[in-house]
Structure formats: structure tokens, C-alpha cells
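Numbering (the numbering used here), first residue to last: 1336 to 1570.
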């Protein structure tokens, strides 16, 4: 049997060429998805991350999600991550390409902090709840990124409902089986910009790629306000 690597080396491709070819395949197989260009840029990145074209019908954008998210990134808004996987996955170089003031501590995640762990132990509640509460100052006008912890998202929803906290954007993509769907459905009813993966699916890689896709859209030449659709989109 001939190793397929031999075939690859007969027709070699660079990393960027493979990525370009991947997006060409996604565009062709997705067909007429009906999404505005900026939203499609986000969704196609999510498809590229998962290899799953079926997620097209599961991603929900509030009308102002793209423009609000990009404005926050351009202003150097802090980011809250519900897991260290997200914090590690976010590219500081990409964030800095949109706003040079971004630094390593611009992305906050407190789930592994000793005081958070102690509060969780004493209360028998998830650490993610207390990690979210510890980051409250960064939530106002910040970008909240969820890929793991539905309880943390539920607590953010409560802060929005009861205390008037207003993040610039919420990326709601916790994955799992308990309180996951409820957290996302509640978020989509709130008066905050959001990008949500409906249902049980989600995860850190998807949440990270949404932030990176927003950076890509923000840097694209010809990014203009599309008043007819109520958001910004690339020409």
C-alpha cells in the first residue's frame, strides 16, 4: 500500500494554500446559505474549525452583534474567558492587529484562581460561577466569551437582568447537557449583542474562532456600514 503522504508530496501545498482550499470547499458545499457577508465570515470559520457544515443553521446573531463586537475590539475592550482553554487559544497578535493596546492581561480568566476554588469548595457550587463574579468589572463594556460553562453564562444573564450589566458582546457557546440550552435561550432574549451556538453544541475552539473571525472582518478593506441590514459588512 502506498502511503498517502507520497501522493501529497507529488502535489505539495503550503499551509496557507490548504486553508484557502478549505474555505473554497466550504463555500461550494454550503451553497446559498443566505447570510450577510460578515456573518458568513464568522460561520465559515466555525465550519473550518469543526468540519461540520450543519452548524450553519445553529448559529444565531443578534442584529448588532458584528458591529458591536468589532467596535469593542477596535476600542481594546477587555475579554472575559470562561476557561483557560479560551484564554490560551486567543491570539494576542490577532487582537493587537485590531487594537495595539491589547496585552496578555486583556483576557481575564479566573477559574483556576485560589480564592475562586475556595469559594466553590465552601458553597458546593461550580468554580465558573465565582470566576464570572470576580470578573464583573471587565464585563461592563467588555467581550464575554463562553465555550464551557453554562452556569457562568446563567450568572451573566442574571447580572444583565437584575443589575443592568451591559457587555459589548457575548459569545455564548458553552457545550454540554445540563443548563446549556437554557443559558443560551435566555441570553438570546436579553438586550445585549450576542453570537450564540444554539442547542447543546459549542466548545472553546468555536468560541475562540468567533473572536478571530471578528478580527478578520474588522481588518478587511471595504468594511462599511450597511444601513439597509442594520449592521456592518465587508463589501
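Using N, Cα and C, we set each Cβ at its ideal position, and we do this for glycine too.
ask   = By a C-beta neighbour count over all protein chains shown, 10 Å radius and 16 as the cutoff for buried, is residue 1353 buried or exposed?
value = exposed
**Message:** Tell me the residue span of the beta strand (DSSP E) that contains residue 1529.
**Reply:** 1529 to 1532
Helix, strand or coil at residue 1443 [DSSP, three-state]
strand
Exercise for review: Locate the alpha helix (DSSP H) running through residue 1494, then write down its first and last residues.
Suggested key: 1485 to 1498
Checklist entry - Out of 1503, 1510 and 1551, which has the shortest C-alpha to C-alpha gap to residue 1404? => result Comparing alpha carbon positions, the residue from 1503, 1510 and 1551 closest to residue 1404 is 1503.
- Task: Could you tell me how far apart the beta carbons of residue 1472 and residue 1418 are, in whole angstroms, since I believe they sit closer than 8 Å?
- Result: That belief does not hold up - the Cβ atoms of residue 1472 and residue 1418 are roughly 19 Å apart, past 8 Å.
| To the nearest whole angstrom, what separates the beta carbons of residue 1548 and residue 1380, a pair I think is in contact under 8 Å? | 4 Å
Taking a contact to mean a Cβ-Cβ separation below 8 Å, would you say residue 1463 touches residue 1446 in this structure? yes
Quiz prompt | C-alpha gap between residue 1566 and residue 1394, whole angstroms | solution = Low per-residue confidence applies at residue 1566: pLDDT is 37, beneath 50, and the placement is therefore not dependable, though the value from the model is reported in the following sentence. Spanning the two alpha carbons is a distance of roughly 17 Å.
- Query: Relative to the C-alpha of residue 1441, which residue among 1480, 1461, 1451 and 1456 is closest?
  - Reply: 1480
query = If you count every other CB in all the chains shown that lies within 10 Å of the CB of residue 1585, and 16 or more means buried, which is it?
reply = Outside the displayed span of the chain (1336 to 1570) sits residue 1585, for which this structure offers no information.
Self-check item: Where residue 1395 sits in the DSSP three-state scheme
Solution: In the structure shown, residue 1395 sits in a strand (DSSP, three-state: E or B).
Please give the ranges of any beta strand (DSSP E) in the region 1507 to 1557, keeping only runs that are unbroken, at least 3 residues long and fully inside the region.
1529 to 1532
Three-state secondary structure (DSSP) of residue 1464: The answer is helix: DSSP assigns residue 1464 an H, G or I state.
Fill in: Of the residues 1438, 1437, 1385 and 1363, the one placed nearest residue 1541, counting alpha carbons only
1385
Local Cβ density within 10 Å of residue 1506, reported as buried at 16 or more and exposed below that
buried
Quiz prompt | Endpoints, beta strand (DSSP E) assigned at residue 1428 | solution = Residue 1428 -> not in any beta strand (DSSP E); alpha helix (DSSP H) instead, spanning 1427 to 1433.
- Straight-line CA distance for residue 1488 to residue 1336? 51 Å
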